[in-house]
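Down below is the structure, laid out as structure tokens.
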Amino acid sequence: MAVIAVFNQKGGVGKTTTCLNITAALYIAQSSPIALDLDPQGHLTLSSGIKHITTDNSIAAFFKQKKPLANLLQDTARGWQLIPAALELAKIDALLGGDPQAATLLRHGLQEELALTGAPILIDCCPMLGVLTLNALLAADRVLIPVSADFLSLQGVHRLDSALNVLEIKL
Numbered sequence: 000m001a002v003i004a005v006f007n008q009k010g011g012v013g014k015t016t017t018c019l020n021i022t023a024a025l026y027i028a029q030s031s032p033i034a035l036d037l038d039p040q041g042h043l044t045l046s047s048g049i050k051h052i053t054t055d056n057s058i059a060a061f062f063k064q065k066k067p068l069a070n071l072l073q074d075t076a077r078g079w080q081l082i083p084a085a086l087e088l089a090k091i092d093a094l095l096g097g098d099p100q101a102a103t104l105l106r107h108g109l110q111e112e113l114a115l116t117g118a119p120i121l122i123d124c125c126p127m128l129g130v131l132t133l134n135a136l137l138a139a140d141r142v143l144i145p146v147s148a149d150f151l152s153l154q155g156v157h158r159l160d161s162a163l164n165v166l167e168i169k170l
């Protein structure tokens, strides 16, 4: 199981588009990928054709109610599986911020529940280095950082590298 977090602290650099297109390419290559939308905006969820999202059938239920990840998988209109986002994700940082174990919840959930599938997992992150993104970064084998060819986007990569070094996460 390969886990790739798609993250940049700069917004508008194509994180969701990158995650969506890599997931689609893996699906076409018959790798049966799983996409995970960790952005409260839920654009990956919307782009994948998932409708009728509630807190109970989204990744928010994993963090708030300890609902198993396997129970949150949904088949997309495009053919792959997705664990969708809900607006309720915006409250997760406040809910779990004081819990020292909060940053590793997703890593443990993926290892315990989805590792046996062998499916590549792509995580679309929000552009904020909070509890949700830390979960993605600590669960990931790799971090993919989309950038646009501009100064601020490149500065974002430098700042992110510094932050990840503090957290001892390798790019």
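Each residue of the sequence shown is one higher than the last, beginning at 0 in numbering that gives the first Met the number 0. Cβ atoms here follow ideal geometry from the backbone N, Cα and C, with glycine treated the same way.
Asked, Found
"Considering only DSSP beta bridges, list what L35 is partnered with.", "I82, I122"
"Throw me the rounded Cβ distance for the I21 and D36 pair, which I believe falls under 8 Å.", "About 14 Å separates the two Cβ atoms, so there is no contact after all."
"What does a CB cutoff of less than 7 Å around K9 pick up in its chain, not counting 5 residues either side in sequence?", "P126, L151, S152, G155"
"Are N134 and L115 touching if we call contact CB-CB under 8 Å?", "no"
"Which residues in the same chain as G41 place their Cβ atom closer than 6 Å to its Cβ, once the five residues preceding and following it in sequence are excluded?", "A84"
"State the Cα-Cα distance for the pair F62 and C124, rounded to the nearest angstrom.", "15 Å"
"My output table needs one value for A4: the three-state DSSP class, helix, strand or coil.", "strand"
"For E112, which residues of its own chain have a beta-carbon under 8 Å away from its beta-carbon, when the five flanking residues on both sides are left out?", "P67, L68, A69"
"Quick one: what's got a C-beta closer than 7 Å to P145's C-beta in the same chain, skipping five residues either side?", "V5, N7, V12, G13, K14, T17"
"Under three-state DSSP, which class holds D74?", "strand"
"Can you list, in chain order, the residues of its chain whose CB lies under 7 Å from that of G129, leaving out five sequence neighbours each side?", "D92"
"Is the CB-CB distance between A141 and I3 below 8 Å?", "In the sequence on display, residue 141 carries Arg and not Ala. Contact: yes."
"How many angstroms separate the CA atom of D74 from the CA atom of P119?", "15 Å"
"Is it right to say L166 is buried, meaning 16 or more other beta carbons lie within 10 angstroms of its own, or is it exposed?", "exposed"
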